[in-house]
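K.L.:
Pasting in a structure now, in structure tokens, and then I'll have a few things to ask.
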Amino acid sequence: MRKLATAVFVTALVLGAVLMRTPAVANLIGLTPATCGAGEYMVGVSGRGGDFINAIRPVCQSWNPATSTAGPTRNGQTQGVPGGGEGVAICPRGSAVSGIEIRHVTQGEDMFLQYVAPQCRTILPPRDIVQIGRLQFGQGGSPTPSSGPTFHGCGSRELAIGISVAVGRAHVAEVDLKCQFAPGPSPPMTSRDTGHGTRLYTGPTIRTASGDDVSLDFCREFGTNCGQAAANAFCRAHDELVATAFEPASRIGVTAVIADGRICGPTCDGFRSIECGKAAGPGSVFTPRPPLSVTPSATPSPSPAPAPPPPTTHVPVAQMTGVIYRNPEITAATGETAPLDWCRDYGSECGKPAADAFCRAQGHARADHIQPRPDIGRTVIIATGAICADPTCDGFRLVECVRAGE
1 MRKLATAVFV TALVLGAVLM RTPAVANLIG LTPATCGAGE YMVGVSGRGG DFINAIRPVC
61 QSWNPATSTA GPTRNGQTQG VPGGGEGVAI CPRGSAVSGI EIRHVTQGED MFLQYVAPQC
121 RTILPPRDIV QIGRLQFGQG GSPTPSSGPT FHGCGSRELA IGISVAVGRA HVAEVDLKCQ
181 FAPGPSPPMT SRDTGHGTRL YTGPTIRTAS GDDVSLDFCR EFGTNCGQAA ANAFCRAHDE
241 LVATAFEPAS RIGVTAVIAD GRICGPTCDG FRSIECGKAA GPGSVFTPRP PLSVTPSATP
301 SPSPAPAPPP PTTHVPVAQM TGVIYRNPEI TAATGETAPL DWCRDYGSEC GKPAADAFCR
361 AQGHARADHI QPRPDIGRTV IIATGAICAD PTCDGFRLVE CVRAGE
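If you're matching positions, the sequence shown starts at 1 in the numbering used here and goes up one per residue.
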């Protein structure tokens, strides 16, 4: 038993001596942090070096989550020793460091850091890795003996806010990342029962592939099927049949398209609220109505409905052979009678599709000639029976309905 204890003691002494002489272990002791300030991300590294890195510092940049804009870059605190020429590796604007590839070189009992190559990821969803080629600070040659490259990465939905550095006798010996959770771009959604068979979602969001909850875009597909179609798809995703009411919100920031998760930003349209239920019920009012024009831009902020077209014909009313309905009205789900809305669905299938639906409801085959009536102020959407209550809601001055074959 005494011989076994002696053997264990001697083995411990030998192992301790080996560890004390191992450069990697020695240099991992006493890592000194160099972090960016509050509201900043690390967007690169800079410093001095030649064959090896003499000194290193984080490059920091402020980020405004309210406007999704980046501020100017600045150098953080330098860790290292004198010597070497200046070098820098910075991520593209709108992205930040999410990992670093490093390579060590050992010479005797000393360990040197040969290069640091940052990996960049977009700050906003979908948080993709930015493919820009190799960003490298340091020479990155292959002197021997050398270790293979190692990668230090932040966790899921994290970005770097600084580095921790160990400095040897003449060069930087080790670098590691300091990471922080990167919050999503949208405020959290809330929901509540309305007490009359529907559920109201305020600030509706959807979960994207990156794991972020992002404000729902106003269009079901990118720039098309806007308003009611997107709201209906959202409600179906929450096990409801239809959107009984919704309130648009213009230029709310970054949004996600429900059909494919595509990101629109940074000034896209969404929803202030959506009420979901089994069918349009009492009090279902869509207000305010979004603008009736689309202004193209580099990052579209989709509007739901085109401007009303001119009358489909200049044929005098006296020469029309079908049944003519002037200022046609229908009954809303609330029981209120109001003019027929220009669109069959909210913000989509406008003009003739709405007129065709009206004519079929009257027992005819289709609509032939129609005339728009802009800015009525209160209309009924024929597909859902819901009310459009904004002053810009449009309707029909005339609808001519005809039988099959006419």
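No residue lacks a Cβ here, since even glycine has one placed at the ideal position from N, Cα and C.
Whole angstroms are fine: how far does the CA of residue 165 sit from the CA of residue 78?
P.N.:
Straight-line Cα distance between these residues: approximately 9 Å.
K.L.:
Within a Cβ cutoff of 6 Å, which residues of the same chain sit near residue 127, ignoring the five residues on either side of it in sequence?
P.N.:
Correct list, in chain order: 121, 210.
K.L.:
Hey, how far is the Cα of residue 98 from the Cα of residue 88?
P.N.:
Residue 98 and residue 88: Cα-Cα distance of roughly 17 Å.
K.L.:
Would DSSP call residue 358 helix, strand or coil?
P.N.:
In this structure, residue 358 counts as helix in the three-state DSSP scheme.
K.L.:
Cβ atoms of residue 370 and residue 393: under 9 Å apart, would you say?
P.N.:
No, the Cβ-Cβ distance between residue 393 and residue 370 is not below 9 Å.
K.L.:
DSSP beta-bridge partners for residue 252?
P.N.:
Its beta-bridge partners do not exist; DSSP assigns none.
K.L.:
Does the region 99 to 106 come into contact with the region 56 to 75, if we say contact requires no fewer than three beta-carbon pairs (one atom in each stretch) closer than 8 Å?
P.N.:
The region 99 to 106, when compared against the region 56 to 75, does not touch it at the 8 Å Cβ threshold.
K.L.:
Who are the Cβ neighbours of residue 283 in its own chain at under 6 Å, not counting the five residues just before and after it?
P.N.:
With a pLDDT of 38 at residue 283, under the threshold of 50, the modelled position of that residue is not reliable, and the figure given next carries that caveat. Answer for residue 283: no residue qualifies.
K.L.:
Residue 229 and residue 236 look like a contact to me (Cβ under 8 Å); what is the Cβ gap, rounded to whole Å?
P.N.:
Contact doesn't hold; Cβ gap of about 11 Å is too wide.
K.L.:
Can you check DSSP and say which residues form a bridge with residue 152?
P.N.:
Paired residues: 100.
K.L.:
In whole angstroms, what separates the C-alpha of residue 115 from that of residue 48?
P.N.:
Spanning the two alpha carbons is a distance of roughly 11 Å.
K.L.:
Spatial neighbours of residue 324 within its chain, please: C-beta separation below 7 Å, excluding the five flanking residues on both sides.
P.N.:
Result list for residue 324: 317, 398, 400, in chain order.
K.L.:
Which partner residues does residue 349 have in the DSSP bridge list?
P.N.:
Residue 349 pairs with nothing; no bridge assigned.
K.L.:
So, is residue 32 buried or exposed, given that buried needs 16 or more other C-beta atoms within 10 angstroms?
P.N.:
Exposed, by the Cβ-count rule.
K.L.:
Sorted by chain position, which residues of the same chain lie with C-beta nearer than 8 Å to residue 402's C-beta, five sequence neighbours on each side aside?
P.N.:
Taken in chain order, the residues that qualify are 321, 322, 323, 359, 364, 365, 366, 367, 368.
K.L.:
My guess is that residue 159 and residue 129 are in contact by the Cβ rule of under 8 Å, so how many angstroms apart are they, rounded?
P.N.:
Actually they are not in contact, since the Cβ atoms of residue 159 and residue 129 sit about 12 Å apart, beyond 8 Å.
K.L.:
How should residue 217 be labelled, buried or exposed, when 16 other C-beta atoms within 10 angstroms of its C-beta is the threshold for buried?
P.N.:
So residue 217 ends up on the buried side.
K.L.:
With a threshold of 8 Å, establish whether the CB of residue 358 neighbours any heavy atom of the ligand ADP.
P.N.:
Ligands in the displayed structure: none, and consequently the ligand ADP is not present.
K.L.:
Quick one: Cα of residue 80 to Cα of residue 183, how far?
P.N.:
When rounded, the distance between both Cα atoms is 32 Å.
K.L.:
Among the residues of its own chain, which have a CB less than 7 Å from the CB of residue 17, if the five just before and after it don't count?
P.N.:
Unreliable positioning characterises residue 17 in this predicted model, as indicated by a pLDDT of 32, which lies under 50. The coordinate reading is nonetheless provided below. Closer than 7 Å at the Cβ level, and outside the excluded window around residue 17, lies no residue.
K.L.:
Taking DSSP as the reference, what is the three-state secondary structure of residue 81?
P.N.:
Correct three-state label for residue 81: coil.
K.L.:
Cα separation between residue 180 and residue 154?
P.N.:
For residue 180 and residue 154, the distance between alpha carbons rounds to 8 Å.
K.L.:
Is it right to say residue 327 is buried, meaning 16 or more other beta carbons lie within 10 angstroms of its own, or is it exposed?
P.N.:
Exposed, by the Cβ-count rule.
K.L.:
Based on Cα-Cα distance, which residue from 352, 388, 248 lies nearest to residue 337?
P.N.:
Taking only the C-alpha atoms, the option nearest residue 337 is 388.
K.L.:
Between the region 255 to 262 and the region 198 to 214, can you find at least three pairs of beta-carbon atoms closer than 8 Å?
P.N.:
Cβ pair count under 8 Å is three or more, so yes.
K.L.:
Whole angstroms are fine: how far does the CA of residue 93 sit from the CA of residue 43?
P.N.:
For residue 43 and residue 93, the distance between alpha carbons rounds to 8 Å.
K.L.:
Spatial neighbours of residue 264 within its chain, please: C-beta separation below 6 Å, excluding the five flanking residues on both sides.
P.N.:
Taken in chain order, the residues that qualify are 217, 255.
K.L.:
Within its chain, find whatever has a CB closer than 6 Å to the CB of residue 139; leave out the 5 residues flanking it on each side and keep chain order.
P.N.:
Taken in chain order, the residues that qualify are 51.
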